[in-house]
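Trainee: Using our numbering, you'd call the opening residue of the sequence shown number 126 and step up by one each time.
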Amino acid sequence: MSSGKEGVQAKIKEISPLALFTHCYAHCLNLSIAATCQLSEVRNLIGLINETYLFLNNSPKRQKLFELALKEYMPENSHSKLPGLCKTRWVERHSCLDVFLEMYELLVTFLDAVISTHEYPNLKSSTGSWNWDEDTITKAQGLKASLLSFQTVVVFITTKNILDEVKALASKLQKRDQDIFEAYMMVDEVIGNIKSARKNIDSDFQIWYKEILDLTEKLGIVEAIPRKTSIQRNRSNTPSSSPIDHYKKSVAIPLLDSLIIQMQDRFSDEDRHARHLLYLVPSIIVNDTLELSEATEGMLFWENDLPFPKSFGNELQRWQSMWQSAEKELPSNLLLALGACDVDAFPNIHRLRLIACTLPISSAEAERSFSLMKRIKTCTRSTMSEERFSDLTVIAMHYPERFEVDEICEAFVKAHPRRLFQATLFD
Numbered sequence: 126m127s128s129g130k131e132g133v134q135a136k137i138k139e140i141s142p143l144a145l146f147t148h149c150y151a152h153c154l155n156l157s158i159a160a161t162c163q164l165s166e167v168r169n170l171i172g173l174i175n176e177t178y179l180f181l182n183n184s185p186k187r188q189k190l191f192e193l194a195l196k197e198y199m200p201e202n203s204h205s206k207l208p209g210l211c212k213t214r215w216v217e218r219h220s221c222l223d224v225f226l227e228m229y230e231l232l233v234t235f236l237d238a239v240i241s242t243h244e245y246p247n248l249k250s251s252t253g254s255w256n257w258d259e260d261t262i263t264k265a266q267g268l269k270a271s272l273l274s275f276q277t278v279v280v281f282i283t284t285k286n287i288l289d290e291v292k293a294l295a296s297k298l299q300k301r302d303q304d305i306f307e308a309y310m311m312v313d314e315v316i317g318n319i320k321s322a323r324k325n326i327d328s329d330f331q332i333w334y335k336e337i338l339d340l341t342e343k344l345g346i347v348e349a350i351p352r353k354t355s356i357q358r359n360r361s362n363t364p365s366s367s368p369i370d371h372y373k374k375s376v377a378i379p380l381l382d383s384l385i386i387q388m389q390d391r392f393s394d395e396d397r398h399a400r401h402l403l404y405l406v407p408s409i410i411v412n413d414t415l416e417l418s419e420a421t422e423g424m425l426f427w428e429n430d431l432p433f434p435k436s437f438g439n440e441l442q443r444w445q446s447m448w449q450s451a452e453k454e455l456p457s458n459l460l461l462a463l464g465a466c467d468v469d470a471f472p473n474i475h476r477l478r479l480i481a482c483t484l485p486i487s488s489a490e491a492e493r494s495f496s497l498m499k500r501i502k503t504c505t506r507s508t509m510s511e512e513r514f515s516d517l518t519v520i521a522m523h524y525p526e527r528f529e530v531d532e533i534c535e536a537f538v539k540a541h542p543r544r545l546f547q548a549t550l551f552d
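1. Excluding sequence positions up to five away, which residues of its chain have a Cβ less than 6 Å from the Cβ of R323?
2. Let me know if P525 comes out buried or exposed under the rule of 16 or more other beta-carbons within 10 Å of its beta-carbon.
3. Could you check whether V239 and L154 sit closer than 8 Å to each other, using their CB atoms as the reference points?
4. With three or more C-beta pairs closer than 8 Å as the rule, is the segment 293-313 touching the segment 271-280?
5. Does the pairing of the segment 402-410 with the segment 476-490 give three or more beta-carbon distances under 8 Å?
6. In chain order, which alpha helix (DSSP H) runs of at least 4 residues are fully inside the segment 161-209?
7. Quick check on the DSSP output: the alpha helix (DSSP H) that includes R400 runs from which residue to which?
8. Let me know the secondary structure DSSP gives H475 once reduced to three states.
9. Touching or not, the segment 191-199 and the segment 220-236, by the rule of three or more beta carbon pairs under 8 Å?
10. Do F146 and L268 count as a contact pair if the criterion is CB distance below 8 Å?
11. Rounding to the nearest angstrom, what Cα-Cα distance links S457 and E307 in this structure?
12. For the pair the segment 425-432 and the segment 329-337, tell me if three or more CB-CB distances fall below 8 Å.
13. I think S203 touches E192, with their Cβ atoms under 8 Å apart; what is that distance to the nearest whole Å?
14. Does the segment 181-190 come close enough to the segment 245-262 that 3 or more CB-CB pairs lie under 8 Å?
15. Could you tell me the alpha carbon to alpha carbon distance between K539 and V468, rounded to whole angstroms?
16. Taking buried to mean at least 16 other C-beta atoms within 10 Å of its own C-beta, is V406 buried or exposed?
17. Taking DSSP as the reference, what is the three-state secondary structure of R323?
18. Which ranges does the alpha helix (DSSP H) cover as unbroken runs of at least 4 residues, wholly within the segment 254-311, from first to last along the chain?
19. Secondary structure at V468, three-state DSSP: helix, strand or coil?
20. Is it true that the CB of I410 sits closer than 8 Å to the CB of Q445?
21. Could you name the residues of the same chain whose beta carbon sits closer than 7 Å to that of Q387, not counting the 5 residues immediately before and after it, in chain order?
22. Smallest Cα separation from I282: which of K300, L226, F437?
23. Which residue's Cα is closest to the Cα of N318: F537, L384, A481?
24. Using only CA atoms, which one of G132, I305, I174 lies nearest to C482?
25. Looking at the ligand MG, does it come within less than 7 Å of N458, judged from the CB to the closest heavy atom?
26. Pull up the distance between the alpha-carbon of D339 and that of E176, whole angstroms please.
27. A349 by DSSP, collapsed to three states: which one?
28. How would you write the range of the alpha helix (DSSP H) that T242 sits in, first residue to last?
29. Rounded to a whole number of angstroms, what is the C-alpha to C-alpha distance between A521 and L463?
30. Could you name the residues of the same chain whose beta carbon sits closer than 6 Å to that of V167, not counting the 5 residues immediately before and after it, in chain order?
31. Helix or strand or just coil, what does DSSP make of F537?
32. When you compare the CB positions of L164 and P432, do they come within less than 8 Å of one another, or not?
33. Any idea what DSSP makes of P525, helix, strand or coil?
34. May I have the straight-line CA-CA distance separating D390 from P142, to the nearest angstrom?
35. So what's T483 in DSSP terms, helix, strand or just coil?
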């Protein structure tokens, strides 16, 4: 899709060279997180979470025991199932980590109940005995041993705390009312927060490690570090004086550094093709250090769309002077600034603002319609006309809209007058 040579964007630019390709910011963020999670420790953790989810989800019998354990030991919990790491709903992946941490102790208890059913008489089956097969017990033993590893707890809580920094950004980037200025500001703020966490890693990791020790104490896990090897190949051999120092250097710091590099690379200024349009925001253009000549040259990319391109430089200077002398509160985003722009006094700037407000930051809106493609099936297509078929799809897409069923039925009867409808409820 996004290839510069053979992708859809390249084909479109062959027809319209001024077409501007904007990569979905939500997708860029997900790619950054996915690349960060390629660290061996984090990759093993994600595999463990998926295996635990599949162990429950693939068996109604195991799920029934889990629900009994949940009702017995965590009756106040609002979740009835363990969520999985959804491949398409990126925000749900962050929520999955929160729920997994909340149920961590319960999962260990559940797996122990599968292994030693006789030790949990309060979790009896309706038939009297669960009768687990050998494969189930062996799988439960492996998952329990992995969950009770001190390194697993360290990697899990460290990863969760670091990804919490981008959780809010992942949710906001998929909203409908975001413009490119707000998206740029949010991304820069998150990158700054991650850099701050990296700078203060000594104090921050002390807090995280206390959380780790609290959980391991409840589970009866002894603080330990993996064995060292003479040659570093498949494990971290970082020189350290204590367990906290070892995990800080081998887990927390590499994870933060990788996330910073990935986000800076995917959200660089070179990839922000419309960054010069941000100078039209009053709260930015009042800065005296801005190079208006550079901004003018960048915005002349849309020269063919401007009503008076030759006077744009002078118009931009007048726009800056007006807001530098303004006493009222300055608009802080493109939508607010659009209403404050006089189309007669600043026709070029008004046109550029309209362009800036229409530039997308995410393909989430299109994805909402893609999720309804399952309705477009042969079995559905063969039982209705194309007009009715497309109308029902549109209704499903815009589900908040309310439709009066009586009015729809009456319109249908009037459109198709038949003797069958002569005696109806509408008479």
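Every residue, glycine too, gets a C-beta built ideally from N, C-alpha and C.
Mentor: Quick look at the numbers:
1. Position 198 of the sequence shown, counting from 1, holds the residue named residue 323. L381, listed in sequence order.
2. Residue mapping note: residue 525 aligns to position 400 of the sequence shown, counting from 1. Its Cβ having fewer than 16 others within 10 Å, P525 is exposed.
3. One-based indexing of the sequence shown puts residue 154 at position 29. One-based indexing of the sequence shown puts residue 239 at position 114. For L154 and V239, no; Cβs fall outside 8 Å.
4. Counting Cβ pairs under 8 Å, fewer than three are found: no touch.
5. With contact defined as three or more Cβ pairs closer than 8 Å, the segment 402-410 and the segment 476-490 are in contact.
6. For secondary structure counted as the alpha helix (DSSP H) over 4 or more consecutive residues, the segment 161-209 holds these complete runs in sequence order: 165-182, 185-198.
7. Residue mapping note: residue 400 aligns to position 275 of the sequence shown, counting from 1. Per DSSP, R400 lies in no alpha helix (DSSP H) and is assigned neither H nor E.
8. Here residue 475 is taken as the residue at index 350 of the sequence shown, counted from 1. Helix at H475.
9. These segments touch.
10. The count along the sequence shown starts at 1 and reaches residue 268 at position 143. The count along the sequence shown starts at 1 and reaches residue 146 at position 21. No.
11. For this step, residue 457 is matched to residue 332 along the sequence shown. For this step, residue 307 is matched to residue 182 along the sequence shown. Approximately 9 Å between the Cα atoms of the pair.
12. The segment 425-432 and the segment 329-337 do not touch, with fewer than 3 CB-CB distances between them shorter than 8 Å.
13. Start at 1 with the first residue of the sequence shown, and residue 203 comes out as number 78. Start at 1 with the first residue of the sequence shown, and residue 192 comes out as number 67. That pair is no contact at about 13 Å.
14. Under the Cβ criterion (8 Å, minimum of three pairs), the segment 245-262 counts as touching the segment 181-190.
15. Start at 1 with the first residue of the sequence shown, and residue 539 comes out as number 414. Start at 1 with the first residue of the sequence shown, and residue 468 comes out as number 343. Distance between K539 and V468, taken at the CA atoms: about 47 Å.
16. Taking the sequence shown and counting its residues from 1, the one referred to as residue 406 is at position 281. With 16 or more other CB atoms across the displayed protein chains lying within 10 angstroms of its CB, V406 is buried.
17. Within the sequence shown, the letter at position 198 stands for residue 323. DSSP, reduced to helix, strand and coil, places R323 within a helical segment of the structure shown.
18. You should have 259-272, 275-297.
19. Taking the first residue of the sequence shown as 1, we reach residue 468 at position 343. It is coil, neither helix nor strand.
20. For the purposes of this step, residue 445 is taken as residue 320 along the sequence shown, with counting starting at 1. For the purposes of this step, residue 410 is taken as residue 285 along the sequence shown, with counting starting at 1. Yes; because the gap between Cβ atoms is below 8 Å, this pair is in contact.
21. Numbered from 1 along the sequence shown, position 262 holds the residue referred to as residue 387. Only S157, A160, T161 meet the Cβ criterion.
22. For this step, residue 282 is matched to residue 157 along the sequence shown. Closest in C-alpha terms to I282, from the list K300, L226, F437, comes L226.
23. For the purposes of this step, residue 318 is taken as residue 193 along the sequence shown, with counting starting at 1. Out of F537, L384, A481, L384 has the C-alpha closest to the C-alpha of N318.
24. Counting from 1 along the sequence shown, the entry for residue 482 is found at position 357. Considering only alpha carbons, the answer is I305.
25. What this structure holds is no ligand at all, so the ligand MG is not there to describe.
26. Taking the sequence shown and counting its residues from 1, the one referred to as residue 339 is at position 214. Taking the sequence shown and counting its residues from 1, the one referred to as residue 176 is at position 51. Distance from the CA atom of D339 to the CA atom of E176, rounded to whole angstroms, is 25 Å.
27. Mapped onto the sequence shown, residue 349 falls at position 224. Three-state DSSP puts A349 in coil, outside helix and strand.
28. Translated into positions along the sequence shown, residue 242 becomes position 117. For T242, no alpha helix (DSSP H) run applies, since DSSP gives it neither H nor E.
29. The count along the sequence shown starts at 1 and reaches residue 521 at position 396. The count along the sequence shown starts at 1 and reaches residue 463 at position 338. Taking the straight line joining both Cα atoms gives about 33 Å.
30. The sequence position of residue 167 within the sequence shown is 42, counting from 1. Within the same chain, Cβ atoms closer than 6 Å to the Cβ of V167 are found at T284, the five residues on either side in sequence being excluded.
31. On the sequence shown, residue 537 is found 412 positions in, with the first residue counted as 1. Three-state result, F537: helix.
32. What you label residue 164 is simply residue 39 of the sequence shown in a count that begins at 1. What you label residue 432 is simply residue 307 of the sequence shown in a count that begins at 1. No, Cβ-Cβ distance for L164 and P432 is not below 8 Å.
33. Here residue 525 is taken as the residue at index 400 of the sequence shown, counted from 1. Looking at P525 - three-state DSSP - the assignment turns out to be coil, as it is neither helix nor strand.
34. Residue numbering aside, residue 390 sits at position 265 when the sequence shown is read from its first letter. Residue numbering aside, residue 142 sits at position 17 when the sequence shown is read from its first letter. The straight-line gap from Cα to Cα measures roughly 25 Å.
35. Position 358 of the sequence shown, counted from the first residue, corresponds to residue 483. Here DSSP, grouped into helix, strand and coil, assigns T483 to helix.
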